[in-house]
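For the first sequence, position 4 matches number 3 in numbering that gives the first Met the number 0, and the numbering has no gaps at all.
For every residue, glycine included, the Cβ atom is placed at its ideal position computed from N, Cα and C.
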Amino acid sequence: MSPGEWKAGGEGLTISYGFFPSPFGYALVMATDRGLAGLAFGDPGEEKAMLADMTRRWPKAAYVDDKARTAPLAARVFDSRLWRPDRPLRIVMIGTDFEVRVWETLLGIPMGKCSTYSDIANKLGKPKAARAVGAAVGKNPMSFVVPCHRVLGRSGDITGYHWGLTRKRAMLGWEAGQVVGTA
DNA sequence: AAACGAGGTTCCT
DNA sequence: AGGAACCTCGTTT
């Protein structure tokens, strides 16, 4: 990954988006000229809700329906064979200081491994901020790319997920399969 | 097993 | 400013 950053709110930013099928349902891919900015999931027919859910995060940004531009990113994200250091996926993290820090921590979780909310809070030097971490993870705009699904509760339980626990389990399962298949 | 309060940060009124 | 919400945690009923 080669994370870029942008101030929260997304002011002055133009975001292209498109809908694509994915292993976990319908996916909404959002991108800026600097790389992938957002990734959301849902079911066909929910496009409007998915889009609203994302635009709420960056109310100041401009949005353009541009399938041609987002298609290559969509293809790349769901093919683990293309995840290699020499061809990093360019992403842009738009959020507050704290959120960006949390997301960067998530990127450090290796494939197939899991972490916990309190664990991340510790890494940020705020051992008691587990709940804040949960809130920040929940606002993660790049579900799946930023491995928010690899974060579990303290006891190893799957706790909650913005786009549904079922989808979270599906991602973990798919990932486990990728590890075996690409080893 | 369920209920409860503390905790950090963000969002809305 | 004040209060509620959040993909939580640890402790207490």
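Own chain partners of residue i with C-beta closer than 7 Å, once the 5 adjacent residues on each side are dropped
i    : result
A98  : First, the amino acid is wrong: residue 98 is Glu here, not Ala. Result list for E98: A135, K138, in chain order.
M0   : The predicted position of M0 is uncertain, since its pLDDT is 42 and thus under 50; no value can be drawn from it.
C147 : L105, V136, N139
E46  : F18
V145 : W102, L105, L106, N139
A67  : none
Coil, strand or helix - residue i by DSSP
i    : result
S154 : coil
L88  : coil
T95  : coil
G34  : strand
Limits of the beta strand (DSSP E) - the one that residue i falls within
i   : result
Y16 : 13 to 21
G24 : 24 to 31
Cβ distance (whole Å) where residue i is taken to contact residue j below 8 Å
i    : j    : result
L38  : F143 : 6 Å
T95  : R153 : Not a contact, Cβ separation roughly 25 Å.
F40  : R166 : 6 Å
R149 : K112 : 7 Å
Cβ neighbours of residue i in the same chain (closer than 6 Å, five flanking residues each side left out)
i    : result
A169 : F23
A30  : S15, A36, T69, L72
V63  : S15
G34  : R89, I90, V91
Beta-carbon proximity list for residue i, same chain, < 8 Å, skipping 5 on both sides
i    : result
K125 : A131
Y25  : F18, F19, F40, G41, D42, P43, E45, E46, M49
W162 : A39, F40, G41, S142
G9   : R56, W57, P58, K59, A60, I93
N-terminal and C-terminal residue of the alpha helix (DSSP H) that residue i is part of
i    : result
G137 : 129 to 137
K125 : Here K125 belongs to no alpha helix (DSSP H), and DSSP marks it neither H nor E.
V144 : Counting along the chain, V144 falls outside any alpha helix (DSSP H), and DSSP gives it neither H nor E.
(message) Give the list of continuous beta strand (DSSP E) stretches no shorter than 3 residues that lie fully inside the stretch 36 to 86.
(response) DSSP runs (the beta strand (DSSP E)) wholly in the stretch 36 to 86: 61 to 64.
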